[in-house]
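Contents: one structure, followed by commentary.
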Amino acid sequence: MKYEVAQALETKVKELYPDWKQVEVELDQTEEKFGDYSCNIAMKMAKSQGLNPRDIADKLAKAVNDAKLFFSAEVAGPGFINIAICDDALLSYTNKSPNNPGVYSGQKFLVEYSDPNPFKPLHAGHLYTTLIGDAVARIVEYAGADVTRINYGGDVGLHVAKSMWAILKNLGGENVEKLRTVSEDSRAVWLGERYVEGNNAYEEEGSKQEITDLNKKIYEIHSKKDKTSDLAQIYWTCRSWSYDYFNSLYKELGVIDFDRYIPESEVTDLGLETVKEQLKQGVYEESDGAVVFRGEDDGLHTRVFINAEGLPTYEAKEVGLILTKWQDYQYDKSIIITANEQEQYMQVVLSSVGRFKVEPVERTNHLTHGVVKLAGGEKMSSRKGNILSAVDVIRSAESTSKKTFGNDNPGIAVGSIKYSFAKQRIGGDVIYDPIVSVNMHGDSGPYLQYALVRAKSIIKKAGNTISQDLSSSKKLDNYERSICRKMQYFDSIVDSSARELAPNQICTYAFELAQVFNRFYENSPVLNNERTDIRISIVKKYTSILEQCLQLIGLDIVEGM
RNA sequence: GCACCUGUAGCUCAGCUGGAUAGAGCGUCGGCUUGCGGAGCCGAAGGUCGUAGGUUCGAAUCCUGCCAGGUGUACCA
């Protein structure tokens, strides 16, 4: 409804001040005591025109009120115009389907997130990008975008060599048969242990060289398309174990399926060729046997794209990834979500690609998040092995949920994690507190799920006995008005959340909405009441809006709790 | 050293394209159960918005310096 109010107000401004060219009426949601929206255009106009803001505001408010629109205006303070929407307009909103503004309609979006590396365990940070990426993808999709979900993972590179080195040690050489002794449900853990071993071994000179050599051999598996040698068989088997493990976890989390997995091995060649080609063009340069990009001109730093061994680093692979995405999708926007330790690295890569291909770079938006920490704990490093794994987080939420409800309800356990991640603005460190997840009161996923269950229960009890004729009374009481007022903010909240790629705005709104509803619920009997008709229509609208909010951040709609 | 991110109540965070008396949740203290699911509702206490300046009618929000924490900074990802 914000848009309609702004339009009407703008028309009035144009009528009254035809000379005023840059009319852009901006409305703010305001405190309830001031009305439903406030507008400071009078103050802005006054500033540039040298007029008295109160005079402008008075004139505008009078024009609005004389016109008898669906809202009234009142001047307050130094020149705010406070807007109050009429009760019948608020009530009629409950019978409208959502006005989805679709800021991205017709646009092709790529969203890349999760990005786990095969041969390494998923840690809490992966859990974060997986869930927040899922939410971002859902939100831009709701805003009209045609979304392709991308999952990029490092199936080649030094980290793989480290794991493979330890795997070979564990098997006593290239002993394919011995892999069978690893039971199916212990594979993920087994691989995780090998990664830690390999990583430690890399610290020692002797094994470091062996790992470096092995790294080359693994690249050769790909370049020679080797599926049959003993080493290749071990590699492909363990690689598929990793992907199996990721997929089972995604399923458990209830995130929407990825449209495409792009393993690094798939983009390595393109990245390598491109960097070599652009080396001739002077984009990259040789230095100490390596191929580097000098980012200093752009205020960045120098990074290695091809190392002295002739192998592509992550940088060159990323070049291949960017170009692969661009060739295959010609997107309007490409969103990438990673930890913020990759922020400047990504800037260097993008800056280098920008020298020979501008569109994919201009259309890329890199969102970064902070470190996932345990409350009161320290940073987790998968290299040191002191990680909080994704599975640890999920299991702790599950056992908590079970203790609280006495039964398994994965939708609630996982939902509590999703909400606690999504409600924070993307960017800062993420504190995950298992104790808070034990609590499950207040600003939490279960609170919202419960708020929805209660409301739905009313509708179920009401059955079909309700007439939908609302013409008899269009005055709203305070609680009814509050919830209606809050509900009509939905469209503009979703719009803003999509524009700013900020799932936390949905969470904040959903929580406030539920709070307002709970007040209504405590104070306004719905059933067997002379206002049942109006209230039922409010409850119905509320459930549909809250459901939509929950879906946008990926929370299950549970039927009972 | 340089670059980027962060600093708001005891804790975890909203608010940041400048607007009215800076808001939630948790925790603390005190209330509410003949009624639609009490995982709820109501109330109280709790703030130099890191700090010092600047711009402005107006700054948590914009600009500058400083302080603190984090991250990156050449062959890891």
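Quick note: the first sequence uses the working numbering, first residue 778, plus one each step. No residue lacks a Cβ here, since even glycine has one placed at the ideal position from N, Cα and C. Predicted model only: the values in this text are computed from it and were never measured.
For the candidate residues W797, V1081 and D1003, whose alpha-carbon lies nearest to that of K824?
-> If you number the first sequence from 1, residue 824 lands on position 47. Ranking the options by Cα distance to K824, first place goes to W797.
How do the stretch 1089-1099 and the stretch 1035-1048 stand: do at least 3 beta-carbon pairs fall below 8 Å, yes or no?
-> The stretch 1089-1099, when compared against the stretch 1035-1048, does touch it at the 8 Å Cβ threshold.
Outcome for E1257 when other beta-carbon atoms lying within 10 angstroms are tallied against a minimum of 16 = Position 480 of the first sequence, counting from 1, holds the residue named residue 1257. The residue is buried, with at least 16 neighbouring Cβ atoms inside 10 Å.
Quick one: any contact between the stretch 925-942 and the stretch 880-888, if contact means 3 or more CB pairs under 8 Å?
-> yes
Sorted by chain position, which residues of the same chain lie with C-beta nearer than 7 Å to E1155's C-beta, five sequence neighbours on each side aside?
-> Here residue 1155 refers to the residue found at position 378 when the first sequence is read from its first residue. Confidence at E1155 is low in this model, with a pLDDT of 44, below 50, so its placement is unreliable and no value can be given for it.
Compute the Euclidean distance between the alpha carbons of L1278 and T1309, then round it to the nearest angstrom.
-> Walking along the first sequence from the start, residue 1278 turns up at place 501. Walking along the first sequence from the start, residue 1309 turns up at place 532. Their backbone Cα atoms lie some 39 Å apart in a straight line.
Reducing DSSP to helix, strand and coil, say where V1207 ends up.
-> Counted from its first residue, the first sequence places residue 1207 at position 430. V1207 falls in the strand class under three-state DSSP.
From L945, G983 and E974, residue whose alpha carbon lies closest to that of Q1010 = Counted from its first residue, the first sequence places residue 1010 at position 233. The shortest C-alpha separation from Q1010 is found at L945.
Can you tell me the Cα-Cα spacing of F1198 and A844, whole angstroms?
-> Working through the first sequence from its first residue, we reach residue 1198 at position 421. Working through the first sequence from its first residue, we reach residue 844 at position 67. Per the coordinates, the alpha-carbon of F1198 lies some 47 Å from the alpha-carbon of A844.
For A861, three-class secondary structure by DSSP | Taking the first residue of the first sequence as 1, we reach residue 861 at position 84. Of the three classes helix, strand and coil, the one that applies to A861 here is strand, per DSSP.
Straight-line CA distance for E1289 to I1235?
-> Within the first sequence, the letter at position 512 stands for residue 1289. Within the first sequence, the letter at position 458 stands for residue 1235. The alpha-carbon atoms of E1289 and I1235 are separated by roughly 20 Å.
Neighbourhood of P1280 by C-beta, 7 Å cutoff - its chain only, sequence neighbours within 5 removed = Position 503 of the first sequence, counted from the start, is the residue given in the question as residue 1280. Same-chain partners within the cutoff: I909, A912, V913, I916, A1199, S1274 and I1330.
Residues bridged to L1151 by DSSP?
-> Sequence index remark: in the first sequence, residue 1151 carries index 374 (1-based). In the DSSP output, where bridge partners are listed per residue, L1151 has Y1209.
Count the other CB atoms within 10 Å of the CB of L968; is the residue buried (16 or more) or exposed (fewer)?
-> For the purposes of this step, residue 968 is taken as residue 191 along the first sequence, with counting starting at 1. The residue in question, L968, is buried, as its Cβ has 16 or more Cβ neighbours within 10 Å.
Could you check which residue in A785, N817, E997 and F1023 has the C-alpha nearest to that of N894?
-> Working through the first sequence from its first residue, we reach residue 894 at position 117. Checking every option, the nearest Cα to that of N894 belongs to F1023.
At which residues does the alpha helix (DSSP H) containing T807 begin and terminate?
-> Residue numbering aside, residue 807 sits at position 30 when the first sequence is read from its first letter. Neither: T807 is in no alpha helix (DSSP H) and is coded neither H nor E.
If we count the other Cβ atoms within 10 Å of its Cβ and call it buried at 16 or more, is T1005 buried or exposed?
-> For the purposes of this step, residue 1005 is taken as residue 228 along the first sequence, with counting starting at 1. Exposed.
Report yes if the CB atom of R1140 is closer than 8 Å to the CB atom of K1110, and no otherwise.
-> Taking the first residue of the first sequence as position 1, residue 1140 is located at position 363. Taking the first residue of the first sequence as position 1, residue 1110 is located at position 333. Taking 8 Å as the Cβ cut-off, R1140 and K1110 qualify as a contacting pair.
For A920, count neighbouring Cβ atoms within 10 angstroms of its own Cβ and tell me buried if that reaches 16, exposed if not.
-> Here residue 920 is taken as the residue at index 143 of the first sequence, counted from 1. It is buried - the Cβ of A920 has at least 16 other Cβ atoms within 10 Å.
So, using beta-carbon positions, are A1239 and L1304 closer together than 8 Å?
-> Start at 1 with the first residue of the first sequence, and residue 1239 comes out as number 462. Start at 1 with the first residue of the first sequence, and residue 1304 comes out as number 527. In contact: A1239 and L1304 (Cβ atoms closer than 8 Å).
Exposed or buried, N1142, counting other C-beta atoms within 10 Å across all chains shown (16 or more means buried)?
-> Counting from 1 along the first sequence, the entry for residue 1142 is found at position 365. N1142 comes out exposed.
Between the CA atoms of K1057 and S1129 - distance to the nearest angstrom = Counted from its first residue, the first sequence places residue 1129 at position 352. Counted from its first residue, the first sequence places residue 1057 at position 280. Spanning the two alpha carbons is a distance of roughly 14 Å.
When burial is assigned at 16 or more other CB atoms within 10 Å of the CB, is T1343 buried or exposed?
-> This structure cannot settle anything about residue 1343, because the visible part of the chain is limited to 778 through 1338.
Sub-8 Å separation of R1262 and D813 beta-carbons | Here residue 1262 corresponds to residue number 485 of the first sequence, with the count starting at 1. Here residue 813 corresponds to residue number 36 of the first sequence, with the count starting at 1. A contact, by the Cβ cut-off of 8 Å.
Scan the stretch 810-886 and note each continuous beta strand (DSSP E) run of 3 residues or more that stays entirely inside, going in chain order.
-> 814-816, 848-853 and 857-862
Of all the options E803, M778 and A840, which has the alpha carbon lying nearest to the alpha carbon of Y794?
-> By 1-based counting over the first sequence, the position of residue 794 is 17. Ranking E803, M778 and A840 by Cα distance to Y794 puts A840 first.
Cα-Cα separation between F1070 and W1103, rounded to whole angstroms | Taking the first sequence and counting its residues from 1, the one referred to as residue 1070 is at position 293. Taking the first sequence and counting its residues from 1, the one referred to as residue 1103 is at position 326. Straight-line Cα distance between these residues: approximately 21 Å.
Rounded C-beta distance between V852 and R831? I'm assuming under 8 Å.
-> For the purposes of this step, residue 852 is taken as residue 75 along the first sequence, with counting starting at 1. For the purposes of this step, residue 831 is taken as residue 54 along the first sequence, with counting starting at 1. Contact between V852 and R831 holds: their C-beta atoms lie close to 7 Å from each other, under 8 Å.
Range of the contiguous beta strand (DSSP E) that encloses V1081 = Translated into the one-based positions of the first sequence, residue 1081 becomes position 304. For V1081, the enclosing beta strand (DSSP E) stretches over residues R1080 to I1083.
Cα-Cα, which of L1127, G879, I1260 and I1334 is closest to G1222?
-> Taking the first residue of the first sequence as position 1, residue 1222 is located at position 445. Of L1127, G879, I1260 and I1334, the residue nearest in Cα terms is I1334.
If you count every other CB in all the chains shown that lies within 10 Å of the CB of N1184, and 16 or more means buried, which is it?
-> Counting from one through the first sequence, the residue named residue 1184 turns up at place 407. Under this definition N1184 is an exposed residue.
In or out: V1125 buried (at least 16 other Cβ within 10 Å) or exposed?
-> The sequence position of residue 1125 within the first sequence is 348, counting from 1. Classification for V1125: buried.
With DSSP as the reference, label D1034 as helix, strand or coil.
-> Here residue 1034 corresponds to residue number 257 of the first sequence, with the count starting at 1. D1034: coil per DSSP, three-state reduction.
Measure the C-alpha to C-alpha separation of E1175 and V1215 and round it to an integer number of angstroms.
-> The residue you call residue 1175 lines up with position 398 of the first sequence. The residue you call residue 1215 lines up with position 438 of the first sequence. In a straight line, the C-alpha of E1175 is about 10 Å away from that of V1215.
Could you tell me which residues DSSP pairs with E1348 in its beta bridges?
-> Residue 1348 lies beyond the stretch modelled for the chain, which goes from 778 to 1338, so this question has no answer here.
Buried versus exposed call for L828 [16 or more other C-beta atoms within 10 Å across all chains shown] | Here residue 828 corresponds to residue number 51 of the first sequence, with the count starting at 1. It counts as exposed.
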